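The sequence shown runs 0 to 428 under numbering that gives the first Met the number 0. All residues carry an ideal CB built from backbone N, CA and C; glycine is no exception. Remember, it's a predicted structure, so these values are computed and weren't measured experimentally.
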Amino acid sequence: MSSSLFLTDISQMLTLLGPPGPRRGRHLREVGLVTDAAILIQAGRIAAVGKKKELIRQISLREVRHLSLGGHVVLPGFVDSHAHPLFLEPRLQDFEKRLEGQSYARIAREGGGILHTVSAIRKAGPRKLTDSLRKVSEKFLSCGTTTLEAKSGYGLSHADEIKMLRAFCGANRTGPLELIPTFLGAHAFPPERKKNPERYLRDLQPMIREVAEKKLAEFVDVFCEKGYFSLEQTRRIFETARKTGLRLKIHAGQFSESGAVRLAVEYRAVSADHLDHLSASDIQHLARSSTLATLLPGSNFFLGSSRYPPARRLIEAGAAVALATDFNPGTSPTWNMQNILSIACTQMRMRPEEVLSAATINGAYALGCGHRLGSLEPGKQADLIALEVRDYREIPYHFGANHCALTIKKGRIAWSHGGKSMGGVRPEF
Ligand code: NIG
Ligand code: FE
């Protein structure tokens, strides 16, 4: 069969076309809308995009496989740039305790939280990890995510952290969902090092070197927060990581303001994530830097917080804002980016165009992949989704739904609503 795929009957296509680099300020609203659109995919890449009328004149229909999308809206697959997708078990006890009014910090102190998941991961063999990742990947694909960051951080020992990263590499080779691995050994201090944090900081050094040498991750991330890693400890980890050539990310200002944003900018971290607690000068620093401001409002929502990151102030100052799920068992157990877009609109007053840019092209830049992912332009990887709506603003508007009808990864159908019958999507050969 031909490796060309011609998609037509697209009521609205959001190309996200624009100059290279993440979108900032008013450019975050530029989604590159084309109505009555079509798209040609060849050998896994986008070959042409535009009005159906014009594209049909340029190509020979006999040489391509033709798929009518029945008036759906098409956009680049979501690039979810902050996720902890491997945790095996939900933390339902933590959930119930929080509903009774206990804080995330108290639950963690009393044996729940990150360390609870660490004990599950430590006990599991590679097969169990692979099975869990396969199931989770399906869920992300079904909701329109085509690229997902995958943080370690539930092993917290040399062997268990490497075991997690190897599971990501394995899943990447087999599944259609693309995982971008991040080493998060500095997620918490493991129980056996509680009394000797200095020793864990020393343990992290050979781990980071091995991760870099064996190319097991693209990024090193640190949970810089009261009760976790201090600013000074984070700086030391960044120093080690920088020497190995790994790029940096940081959990900054999730529960308190710690100066983590300044550090991220100083070390040219690719992104600073969460940003619930930010000073006015932090906003200015981010706006003048290349560091993306990745907001994770699913975690604010799920923790029942009335505080959200200051998205409007960040956008207006000129920071490059990305949105991600933060999929994890403690603070944001959703794999549906569409939920995040609704929360970002209603709770942070972002516009539909802004949330869509933040979850596609800016998500791609937050993973260092903006040159090949995040927009529908000729030459880029053919990662795109068709959603069962007529107007893209319906995506955040009809909240709590999954509008995704079709997910295409590297030019191949990776998931479709209703399996072979493809729901509202009519295959034509
Ligand atoms: O991004 N903040 C640290 N990490 C996660 C929570 C992880 C967990 O609770 O297991 C977050 O919210
Ligand atoms: Fe996180």
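Assigned exposure category for residue i - 16 Cβ within 10 Å defines buried
i	result
S331	buried
N195	exposed
S136	buried
I55	exposed
F398	exposed
T429	Any property of residue 429 remains undetermined from this structure, which presents the chain solely from 0 to 428.
H83	buried
R267	exposed
H115	buried
V424	Reliability of the predicted coordinates at V424 is poor, the pLDDT of 46 falling under 50, and the value obtained from them is presented with this limitation in mind. So V424 ends up on the buried side.
G369	buried
S420	The predicted model places S420 with a pLDDT of 39, which falls under 50 and marks its position as unreliable; any figure quoted below should be read in that light. Result: exposed.
T173	exposed
T34	exposed
R90	buried
K225	exposed
R22	buried
G100	exposed
L164	buried
G417	exposed
L4	buried
K134	exposed
Host beta strand (DSSP E) of residue i (start-end)
i	result
H437	Absent from the structure is residue 437, since the part of the chain shown begins at 0 and ends at 428.
Q11	3-13
I58	Segment: none, I58 is in no beta strand (DSSP E) and carries neither H nor E.
K242	Here K242 belongs to no beta strand (DSSP E); instead the alpha helix (DSSP H) covers 230-243.
A271	270-273
A413	411-415
C368	Note, C368: premise wrong, no beta strand (DSSP E); not H, not E.
E177	177-185
V78	77-79
A404	403-408
Beta-ladder partner(s) of residue i, from DSSP
i	result
Q380	R44
I161	Beta-bridge pairing links I161 to no other residue.
F398	Paired residues: none, contrary to the question.
G49	A37
A107	Looking at the DSSP assignment, A107 forms no beta bridge with any residue, so it has no partner.
E265	DSSP output for E265 lists no bridge partner at all.
H250	F222, D272
N327	S331
L74	I384
Cut-off 6 Å between Cβ atoms - residues of its own chain near residue i, not counting five sequence neighbours on either side
i	result
W414	L140, S141, T406
L245	A211, V219
L155	V117, P189
A318	L285, A286, A292
I106	D93, K96, G112
H276	G252, S255, E256
Residue i beta carbon near ligand 4 (any heavy atom closer than 6 Å)
i	result
S151	The model depicted lacks ligand 4 and carries ligand 1 and ligand 2 instead.
Residue i Cβ short of 6 Å to ligand 2 heavy atom set
i	result
D79	no
D281	no
D325	yes
Same chain only: Cβ atoms within 7 Å of residue i, ignoring 5 sequence neighbours per side
i	result
E427	Residue confidence is low: E427 scores 39 on pLDDT, short of 50, so the model does not pin down where it sits. Its coordinate-derived value is still stated next. Cβ neighbours of E427 beyond the five flanking positions: H65, L66, S67.
D325	H81, A82, L295, G297, S298, S331
T243	I207, R208, A211
Ligand 1 heavy atom lying under 6 Å from the CB of residue i
i	result
H157	no
P84	no
T293	no
F5	no
G31	no
T333	no
Q101	no
Q380	no
T181	no
Q204	no
T233	no
P328	yes
I249	no
I314	no
Bounding residues of the alpha helix (DSSP H) (the contiguous stretch that carries residue i)
i	result
E137	125-141
G297	296-301
S280	279-286
T144	Counting along the chain, T144 falls outside any alpha helix (DSSP H), though it belongs to the beta strand (DSSP E) covering 144-150.
A343	336-347
R201	196-212
L429	Look at the range of the chain in this structure, 0 to 428, and you will see that residue 429 is not part of it.
L155	From DSSP, L155 is part of no alpha helix (DSSP H); its letter is neither H nor E.
V320	That residue, V320, is in no alpha helix (DSSP H); its beta strand (DSSP E) goes 320-322.
Contacting residues, own chain, Cβ-Cβ under 8 Å from residue i (five flanking each side not counted)
i	result
Q57	A47
G378	R44, I45
P19	G369, H370
R235	L200
K193	none
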